[in-house]
Structures are given as structure tokens and as C-alpha cells.
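Novice:
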């Protein structure tokens, strides 16, 4: 196994150019705007004499100057260390590479001490210039050697960059960041290319792929692309071996099942039993011809079918998918059936308006219309109106009188499909104050107003010379002509609502409305 570790490490070195050959002959000038920092104090390292920064391009290409990347812990990788702050700084220009803030996630960086201790590979982009790498105490298995642990490091202000994502020899997935040149599929492909002839390691392939939500095709395509790109002389042998590994480890996942149905106001809620290794679930319903129709895909364990009919049964099934929507499981061809029982609608709000009592209704899936009732003086429910909307107005109201309402759901033919709240909802109708419009005519001032529900008559007032409101007239009409006003006289009016016995049932505008008469 030791030889395999060494072989893998060499392959990584060759692929990503972690070490460089040759000697750099001159140092670059320091540019404080081109530095990265390392919080050495956060590591707990001690008894070291020097801190180094090793950087390389994740895709293995050379520097922008054409030079190789620096050799491990060469003098040009040495950092400036401030013992009082515990911060080491490194000038990126010493690498002979031009970095910019617009660089993608193309680099890897390791900080190390002369004692041999080092951080784990951390992805770096141009956005990390000026940022500080620090450690929070996390350690995990080294991808190159399962007998060793590595120290996790993170950037303080660049969350899009972090510990490089990798697969360890024991099949663990460590880190969380891939460079732009890699995907989970290419990472898995490289793992299989390194270990294709080690049955002990490749036995974990199926579990790793389920954790990464990868399909056989995705990985096989990535393997063949990598072998072609590197001109591997054993490409055919490795490709065939990987294909056998994928076939042998492709364990059949159990079909997911529907665990629960629940009728809700939004529709029929469908609960799904979790299956390990499945990234998403595709829910189907059976149409009138018995054909399975896709309802939706979900990463959760429940979906709601909003397109339901009250008191009608519907049949559903579900299959498991990978993250790209490829099928991982079969499905129950018979499915599971459930009747949607629409819950009772409710009245959500009762509001007094000039037109009457506005009654707002909660929306219920599977209901075509709503039938609103009011309770008469004998306690009997009387139909007020049917509506396809979510509100109706009761115009037949009495000011300051309380009325009780309820509602039930009906189908398009008027048949009841829900129950109703037998107690109902109560509200007193409070008639709003009427308002006036004033207009000059040749015979005087015409005073008009809008109809107010629950009001039998209207009382018009004017303000006399002492500022007191004086009754001008009572009327059942919606206008009154004041012929008593003299030309060029100014007069202020107001109005309030009355019941049939002349008792006031509304308030009034205390400021009133003023006009100068022009006959």
C-alpha cells in the first residue's frame, strides 16, 4: 500500500505542478497591494524559525511569465513574519506570476513552517489578494496518506474559496472547494484512474458516488476525457477496468415510496420516504388514460399537488434521481391512491365599507366556487351569494347591527364539496361617514353624496354665523339643493346617516365642506 501512496503523490505532483524545477535568479520588488496573509497564531505552531508560502496553478500550467512555479520552501517562498501580531505576509509578485482580483478559483496555496508542519491545500483566487488565511483547529485525513492528518485553513473574507475538495484513500470526502478546472465528476475520475487496480480502495466507489450524487455515465465520460488529455499509454486498460468497477459497484437502490397523504388548503400533500444515495425525487400522477405524468422534482421529502378536485381520488408514484436528473431507482408501477378531502373554507376578514360588509374568504384547492351564508333572526343559515372570487359584499346590512356569516366550498355545478363552520363569524356593521360634493347652480348650491349601506336617510347640516351646525334637511335621496343661500355667500356643509326612525347611525366630518355661492 505504501508504494501506491507514493505513486499517487507523484501523479498529483505531475498533474498540478506543485513543485518546480530550476532556480529563480532575482527577487521581485515588494508590492503591498499584492500580498496575502497567514494567521500563524491561529495554528498554535511553535518553535519555528521561518514560515513559507507555496502557490501553484490548479490546472498545472506555468506562471504568466513562463517560468516554473517556485520550489517547495525555496528562499523566494519565505514570508515576512511579525512576531508581535502572529501574522505572516507573502508578496505574490515573488512567484513571477501576475495576479489580479478578477482571477477565478485557479490556484492552490499551502503555508508551512521549517519544522515540517503545514496547512492543507487551500483554493485561492484573485479575490483573496489582501485576505488572511487562518485555522480553526479542524483536522482531517490526508488525501495522499490515510495515516496522516492535515490542518484545515480558511480565508477570513472570501467564503467562495476554501479547503480543496478531495477524496481520501479510505473513501472520505474532505474539503469543500473545487478549482474552476474541476468538477465532482473529474475528481471522482482522477480517484479511479489512480486506484483502478486496487480492489480494496475501489470497493468504496459506489458509496462515494452516491455521496457526490454522480451517475456512471458522468464518471466514465470524465475518466475517458482525462485519459485522452494526458495521453495515457494505458488508457484502454484503465478505461475498461473503471467500467468494470462502476458496473460491479452499481448497487441497486431501493425504490422510494410515498409515506403519507394529507389534504390541506393548498392541495394534497405527498410525503416521501427518504432513500440514501438519492439527490432528488420525481413525483408522478396517473392521468385519466392511466399514463404516468410528471408532477414535479424535489430535493425535499414532500410536495403538494395543487391541481386537485375535491372528493376525487388520484394515484401517485415516485422515483429517485441523481443531482442531474438521471434515474437512480425504479418506481412502484401501481402507485398509491388518495382522495382529496377539501378542508372547510374560512372567513378571514369582515370589513365595513360604504357598499356594505365585505367578506373575505380563504382559498381552498379543489373548490370551484364559494357559497356565503348569513344567519337570519331565527338562527337559520340563508344563502347570500355564490362567488368564484375570494370576497363578496353584503349590501343588505343595518348600521350598528351585528350579523353572522359562514361559507362552504361548491363545485362548478353548485354541489357542496366541503363542510362549513356551523358557528360562523360575527361582525358589527359600522357605516362609514358619508362625504359631500358641492356644486353651484343658478338656483343655489347642489349638495350630493354617495350611498352608504345600512343608512335609511341622510341629514344635511350647514354651519351658522356662530359656527354651530344647523340642520338643513333630512332626505332619503342622494342630493339636496340649498336655495336659501345668497349669491356670493360662503357656507360650510356636512352630513350624517340616519336610520328610518331618524336616529343617527354614522358620524360626520366636523370640518365640513365649504363653497362660495355663485348663482
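Residue numbers (the numbering used here): -6 to 512.
Heads up, the beta-carbon is just placed ideally off N, CA and C, and yes, glycines get one too.
1) Are the beta-carbon atoms belonging to residue 350 and residue 403 less than 8 Å from one another?
2) Would you mind sorting residue 22 into buried or exposed? The rule is 16 or more other CB atoms within 10 Å of its CB.
3) With C-beta atoms as the reference, is residue 366 less than 8 Å away from residue 375?
4) Check residue 358 in the structure and name its three-state DSSP category.
5) Can you grab the Cα-Cα spacing for the pair residue 315 / residue 92, in whole Å?
6) Rounded C-beta distance between residue 194 and residue 162? I'm assuming under 8 Å.
7) Using 8 Å as the Cβ pair cut-off and three pairs as the minimum, do the stretch 298 to 305 and the stretch 227 to 247 touch?
8) Are the beta-carbon atoms of residue 499 and residue 409 separated by less than 8 Å?
9) Grab the span of the beta strand (DSSP E) containing residue 509 for me, first residue to last.
10) Could you check the C-alpha separation between residue 204 and residue 168 for me, to the nearest Å?
11) Spatial neighbours of residue 431 within its chain, please: C-beta separation below 7 Å, excluding the five flanking residues on both sides.
12) If we ignore side chains and look at the alpha-carbon of each, how far apart do residue 298 and residue 330 end up?
13) Whose C-alpha, out of 268, 274, 292, 311, is nearest the C-alpha of residue 285?
14) In three-state DSSP terms, what is residue 121?
15) May I ask which residues mark the beginning and end of the alpha helix (DSSP H) holding residue 188?
16) Where residue 221 and residue 199 are concerned, what is the direct C-alpha to C-alpha distance, given to the nearest angstrom?
17) Could you say which of 50, 313, 73 lies nearest to residue 270 if we only look at CA atoms?
18) How many Å lie between residue 339 and residue 381 at the Cα?
19) Suppose you measure from the CA of residue 395 to the CA of residue 369; what does that come to, to the nearest Å?
20) Alpha carbon to alpha carbon, how far is residue 342 from residue 492?
21) Should the stretch 175 to 189 be called in touch with the stretch 249 to 264, which here means at least 3 C-beta pairs below 8 Å?
22) Leaving aside the five residues before and after residue 219 along the sequence, list all residues of the same chain whose C-beta is less than 7 Å from its C-beta, in chain order.
23) Please list the terminal residues of the continuous alpha helix (DSSP H) segment that includes residue 204.
24) Contact defined as beta carbons within less than 8 Å: I believe residue 411 pairs with residue 357. What is the distance between those atoms, to the nearest angstrom?
25) Could you give the DSSP three-state label for residue 138: helix, strand or coil?
26) I need the boundaries of the beta strand (DSSP E) containing residue 262, first residue and last residue.
27) Measure the beta-carbon distance from residue 335 to residue 360 and round it to whole angstroms, keeping in mind my assumption that it falls under 8 Å.
28) Per DSSP, what kind of secondary structure is residue 306 in: helix, strand or coil?
29) Quick one, which of 234, 99, 173, 464 has its alpha-carbon nearest residue 190's?
30) Compute the distance between the beta-carbons of residue 144 and residue 158, then report whether it is under 8 Å.
31) Answer with buried or exposed for residue 112, where buried requires no fewer than 16 other C-beta atoms within 10 angstroms of its C-beta.
32) In the structure shown, what three-state DSSP assignment does residue 381 receive?
33) Which residue from 52, 364, 390 puts its Cα closest to that of residue 383?
34) If you run the structure through DSSP and keep just helix, strand and coil, what is residue 254?
35) Is residue 248 near the ligand HEM, judged by its Cβ being under 7 Å from some heavy atom?
36) Straight-line CA distance for residue 84 to residue 212?
Specialist: According to the structure data:
1) Within the chain shown, numbered from 1, the residue matching residue 350 stands at position 357. Within the chain shown, numbered from 1, the residue matching residue 403 stands at position 410. Not a contact, by the Cβ cut-off of 8 Å.
2) As a working mapping, residue 22 is identified with position 29 in the chain shown. Legend: pLDDT at residue 22 = 42, less than 50; position of this residue unreliable, no value from coordinates given.
3) If you number the chain shown from 1, residue 366 lands on position 373. If you number the chain shown from 1, residue 375 lands on position 382. Cβ distance < 8 Å, so residue 366 and residue 375 count as in contact.
4) Stepping through the chain shown from its first residue, residue 358 is reached at position 365. Coil, per DSSP.
5) Along the chain shown, read from residue 1 onward, the residue named residue 315 stands at position 322. Along the chain shown, read from residue 1 onward, the residue named residue 92 stands at position 99. Their Cα atoms are separated by approximately 37 Å.
6) Numbered from its first residue, the chain shown carries residue 194 at position 201. Numbered from its first residue, the chain shown carries residue 162 at position 169. 6 Å between Cβ atoms; contact.
7) no
8) For this step, residue 499 is matched to residue 506 along the chain shown. For this step, residue 409 is matched to residue 416 along the chain shown. Not in contact: residue 499 and residue 409 (Cβ atoms no closer than 8 Å).
9) Numbered from 1 along the chain shown, position 516 holds the residue referred to as residue 509. Here the beta strand (DSSP E) through residue 509 covers 506 to 509.
10) The count along the chain shown starts at 1 and reaches residue 204 at position 211. The count along the chain shown starts at 1 and reaches residue 168 at position 175. C-alpha separation (whole angstroms): 14 Å.
11) Against the chain shown, residue 431 aligns to sequence position 438. Contacts found: 438, 440, 486, 506, 508.
12) The count along the chain shown starts at 1 and reaches residue 298 at position 305. The count along the chain shown starts at 1 and reaches residue 330 at position 337. Taking the straight line from one Cα to the other gives about 13 Å.
13) The residue you call residue 285 lines up with position 292 of the chain shown. Of the listed residues, the one whose Cα sits closest to residue 285 is 311.
14) Taking the first residue of the chain shown as position 1, residue 121 is located at position 128. If DSSP states are grouped into helix, strand and coil, residue 121 belongs with the helices.
15) Against the chain shown, residue 188 aligns to sequence position 195. Unbroken alpha helix (DSSP H) run through residue 188: 177 to 188.
16) Translated into positions along the chain shown, residue 221 becomes position 228. Translated into positions along the chain shown, residue 199 becomes position 206. Cα-Cα distance, rounded: 24 Å.
17) Position 277 of the chain shown holds residue 270. If we check each option's Cα against that of residue 270, 313 comes out closest.
18) Sequence index remark: in the chain shown, residue 339 carries index 346 (1-based). Sequence index remark: in the chain shown, residue 381 carries index 388 (1-based). Their Cα atoms are separated by approximately 15 Å.
19) As a first step, residue 395 must be located in the chain shown, where it is residue number 402. As a first step, residue 369 must be located in the chain shown, where it is residue number 376. If you take the alpha carbons of residue 395 and residue 369, they lie about 11 Å apart.
20) Indexing the chain shown from 1 puts residue 342 at position 349. Indexing the chain shown from 1 puts residue 492 at position 499. Whole-angstrom Cα-Cα distance: 26 Å.
21) no
22) By 1-based counting over the chain shown, the position of residue 219 is 226. Around residue 219: 179, 182, 183, 186.
23) Here residue 204 corresponds to residue number 211 of the chain shown, with the count starting at 1. Start and end: 198 to 205.
24) The residue given as residue 411 occupies position 418 in the chain shown. The residue given as residue 357 occupies position 364 in the chain shown. So it is a contact: roughly 7 Å between Cβ atoms.
25) Along the chain shown, read from residue 1 onward, the residue named residue 138 stands at position 145. Correct three-state label for residue 138: coil.
26) Within the chain shown, the letter at position 269 stands for residue 262. Segment 260 to 265, the beta strand (DSSP E) holding residue 262.
27) Here residue 335 corresponds to residue number 342 of the chain shown, with the count starting at 1. Here residue 360 corresponds to residue number 367 of the chain shown, with the count starting at 1. The Cβ separation is near 6 Å, so the contact holds.
28) Within the chain shown, residue 306 is the residue found at index 313, counting from 1. Strand.
29) Reading the chain shown from its first residue, position 197 is the one you call residue 190. Selected option, being the one with the closest Cα: 234.
30) On the chain shown, position 151 is the one that residue 144 refers to. On the chain shown, position 165 is the one that residue 158 refers to. Taking 8 Å as the Cβ cut-off, residue 144 and residue 158 do not qualify as a contacting pair.
31) If you number the chain shown from 1, residue 112 lands on position 119. Counting Cβ neighbours within 10 Å, residue 112 comes out buried, since at least 16 surround it.
32) Position 388 of the chain shown, counting from 1, holds the residue named residue 381. Note: residue 381 maps to coil in three-state DSSP.
33) The count along the chain shown starts at 1 and reaches residue 383 at position 390. Of the candidates 52, 364, 390, the one whose C-alpha sits nearest the C-alpha of residue 383 is 364.
34) Against the chain shown, residue 254 aligns to sequence position 261. Residue 254 falls in the strand class under three-state DSSP.
35) Absent from the structure shown: the ligand HEM. Ligands present: none.
36) As a first step, residue 84 must be located in the chain shown, where it is residue number 91. As a first step, residue 212 must be located in the chain shown, where it is residue number 219. So the alpha carbons of these two residues sit roughly 39 Å apart.
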